[in-house]
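Novice:
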Amino acid sequence: MRSSEYVVRRIAFAIATIFVAATLNFVIFRAAPGDATTALRCLSCTTEVRAQVRQELGLDKSKFQQYLIYLKDLAHGDFGRSFQNRQPVLPQLWQPLKNTLPMLMLGTLFSIFFGLITGIVAAWRRGTLVEKGSVWIGLAFFSLPTQWLGIMFILYLAGPLGLPTNGISDPYLAYSHPGLWAELTDRLSHMVLPSLTLGLVLYGEYTLITRSALLETFGEDYVLTARAKGLTTWQIVRRHALRNSLLPITTLIFLSLGFVAAGSILIEAVFNYPGIGLLAYQSVFQKDYPMLQGAFLVITSSIVIANLIADLLYVRLDPRIVE
Amino acid sequence: MSANRVRDNAVFAALRGSPQAVFGGTVLAIVVLIAVLASWIAPYGEHQRVGEVFAHPSTSHWLGLDDGGFDMLTLMMYGARVSLIVGFAAALVAMVIGGAVGIVAGFFGGKIDTLLMRLTDYFLAIPDVPLMIVVAAIWGRSLRNIILIIGAIYWTSTARVVRAQVKSVRERGYIRRTRVIGASNTRLIMRHVLPQVAPLLVATGVLMVAYAIFAETAIAFLGLGDPSAVSWGLLIENAFSRDAVTVGAWWAIVPPGIAVAIVVVSLTMLGTAIEDALNPRLRVSHVSVRRFRLRPIPPPREDA
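Chains A and B are the protein sequences, given in the same order.
According to my numbering, the stretch in the first sequence is residues -6 to 316, in order.
According to my numbering, the stretch in the second sequence is residues 827 to 1130, in order.
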């Protein structure tokens, strides 16, 4: 297989996954007992109103026709209208997504940086107290419920550090401290605790992943050769083991992106951070199904695109993969 | 069969020698015991109001009271019951689906394999918790639904692991010979393939229980848990949504989170210990911190 063919295949897979997610979205919502109008909690809903909504949503047609119409609308960027404010869904998804991405990025970078370092040190000092300690700390962070860790930060960290725990910006800032710099630092300070929560949860996972991937390479023959050459342990780890284990580490990090998506919903719910996760959370409560469907599709697509980027990066990391 | 037993014993011995497995197993056994005995050992009733809302921990209420004036220690014990039931039941569902898909795909190969693995890949690429929320929001808040949802979404990793193992088992000599003798596919799978993948299935199953408990707390926190079944996840959600944070009632939030972490840690330790015992690659290591010092060369003797 040539590398261009590999790239085409990965892109096709990504598109197919989004298609499957969209289909699931359709099936889950239409397979539910009753239909969207049953879930409408309006007191004034007369039979005519229901019939009108049914017609608007195309519920009077056959399921297969509905599916085709749904796909066609999606392809045109029409995600339906929110039950809550009667506005088209898609434009309402962009701003939350833009709010979420920097926060997730900050947390993920934090965890990759520190997780890799601790994982490498743990594998390098195998059998010592340093390894035991870092594995225990990693396991602890990995096992704590994300939302719980966030709540703990609100309880014990926000006060002493003077960090905000609610929302994305200070609404009175424009009056008290106008200026771009103040706005920027305000945004950042609102991002610290959510990012830290995500970062620490992922940190545990990445520490464990890195350590075990490294330990696996320690059994390889080239490590024995390197040792026989008289290299120091650190040289073996850095030049031989680490380079070869970077590939499985990258895979696992990108596989854990689904976890990032989960984390974003829980964390944004805790910190009331107006991102795509909070949007999904609120639409569950408001039974705003078009909005929930839209948020789900956007979250899934982001993860799939991130995975696609990983697949394309892969070819650079290890050209053997195309064979 | 006997070769099988020898290998199982070896795995078992490796587990007994592993402090991780012993620790994980012991802690898990204690929590299971508490969950089973909850109705006998709990100091108060599950639905018994015993004092003021968010009363501080005291000698009569070790973990204080929650937002409804219920005893937290009692709720924690009953919560263990619900959380563990969800964890084990959902893991069972995931194992049955994942095991079946993995065995069928790995054993028959060809088009079925391609089809099933494609499907697995798609499901693996779709983020699990958002999907769970969507399904839970539509299906409604009941314990049975939560178990089915978690199980139906977490089968993918089991399917992949099992398939890889089955693919290698299928090519072994004795399976080919048994096939030549005329054993049916069902017999081959039940008598020869399944016993070979069973330890692996148990290892992933144990890890799956941890994931399922974790997922349950997430679903409960997002307001999609069964309101009538008090789980650890629901305790966190209730305390948070009813302002335990502003009141400063840490005792309503801290214990359930710690309990989840303890159970997840012990399950992870047990699961990875079984996995490690099954993975011979980890037993070899050419890098160790221990340094070997060469015997110093004696100085040449004067009289030589």
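Idealized CB from N, CA, C, for every residue including glycine.
For L891 (chain B), write down the residues that DSSP places opposite it in a beta bridge.
Specialist: B:D897
Novice: Identify which residue in B:F949, B:A978, B:Q991 and B:G977 has its Cα closest to the Cα of G928 (chain B).
Specialist: B:Q991
Novice: Quick one: using the 10 Å Cβ neighbour count with 16 as the cut-off for buried, is G1011 (chain B) buried or exposed?
Specialist: Sequence check: residue 1011 (chain B) is Asn here, not Gly. With fewer than 16 other Cβ atoms within 10 Å, it is exposed.
Novice: Which residues mark the beginning and the end of the alpha helix (DSSP H) in which V277 (chain A) is found?
Specialist: I269 to F278
Novice: Determine the closest residue to S257 (chain A) out of A:Q279, A:I296, A:D179 and A:A234, with distance taken between C-alpha atoms.
Specialist: A:I296
Novice: What does the Cβ neighbour count give for D66 (chain A), buried or exposed, with the cut at 16 atoms within 10 Å?
Specialist: exposed
Novice: Check the Cβ of A254 (chain A) against every Cβ in chain C and list those closer than 8 Å, keeping chain order.
Specialist: The structure shown contains no chain C; its protein chains are A and B.
Novice: Pull up the CB-CB distance for A975 (chain B) and A962 (chain B), whole angstroms please, since I reckon it's below 8 Å.
Specialist: Note on identity: in this sequence residue 975 (chain B) is Ile, with Ala being the wrong assignment. Right, their Cβ atoms sit about 6 Å apart.
Novice: Using CA atoms only, rank isn't needed, just tell me which of B:V908, B:T982 and B:G871 is closest to V862 (chain B).
Specialist: Minimum Cα distance to V862 (chain B) is reached at B:V908.
Novice: Which value, in whole angstroms, describes the spacing of the CA atoms of R1005 (chain B) and L942 (chain B)?
Specialist: Approximately 24 Å between the Cα atoms of the pair.
Novice: Given a cut-off of 7 Å, decide if A920 (chain B) and R989 (chain B) are closer than it, judged by their beta-carbon atoms.
Specialist: no
Novice: Could you give the first and the last residue of the continuous alpha helix (DSSP H) run that contains F146 (chain A)?
Specialist: Looking at the DSSP string, F146 (chain A) is not in any alpha helix (DSSP H), and its letter there is neither H nor E.
Novice: Please name the residue, chosen from B:L1061, B:M1034, B:L1048 and B:F933, that lies closest to I1001 (chain B) on a Cα-to-Cα basis.
Specialist: B:F933
Novice: Give the residues from the stretch 1084 to 1096 of chain B that approach chain A closer than 7 Å (Cβ to any Cβ), ordered along the chain.
Specialist: V1086, A1087, V1090, V1091 and T1094
Novice: Counting only C-beta atoms, is Q140 (chain A) closer than 7 Å to chain B at any point?
Specialist: yes
Novice: Which two residues bound the contiguous alpha helix (DSSP H) that contains K937 (chain B)?
Specialist: Boundaries of the alpha helix (DSSP H) around K937 (chain B): G936 to A951.
Novice: Any idea what DSSP makes of R875 (chain B), helix, strand or coil?
Specialist: strand
Novice: So, do the stretch 2 to 11 of chain A and the stretch 293 to 313 of chain A have three or more beta carbon pairs nearer to each other than 8 Å?
Specialist: Verdict: yes, contact present.
Novice: Specify, as a first and last residue, the run of the alpha helix (DSSP H) that T101 (chain A) falls within.
Specialist: L83 to W117
Novice: Since G(-3) (chain A) meets chain B, which of its residues come closer than 9 Å, beta carbon to beta carbon?
Specialist: For the record, residue -3 (chain A) in the displayed sequence is Ser; it is not Gly. Correct list: empty, because the minimum Cβ distance to chain B is about 21 Å.
Novice: Looking at C-beta atoms only, is the number of pairs between the stretch 236 to 255 of chain A and the stretch 198 to 217 of chain A that lie closer than 8 Å three or more?
Specialist: yes
Novice: Spell out a yes or no on whether the stretch 261 to 279 of chain A and the stretch 107 to 127 of chain A are touching, meaning 3 or more CB-CB pairs, one atom from each, closer than 8 Å.
Specialist: Fewer than three pairs of CB atoms, one per stretch, sit closer than 8 Å, so the stretch 261 to 279 of chain A makes no contact with the stretch 107 to 127 of chain A.
Novice: Using 8 Å for Cβ pairs, my map puts A1070 (chain B) next to F880 (chain B). What's the rounded Cβ distance?
Specialist: 7 Å
Novice: Can you tell me which of A:P241, A:F76, A:I242 and A:E209 puts its alpha carbon nearest to the alpha carbon of R43 (chain A)?
Specialist: A:F76
Novice: Which same chain residues end up closer than 7 Å to T1043 (chain B) when comparing Cβ atoms and leaving out the 5 residues on each side of it in sequence?
Specialist: W1058, G1059, I1062 and V1086
Novice: Taking 7 Å as the threshold (beta carbon to beta carbon), is I260 (chain A) in contact with chain B?
Specialist: no
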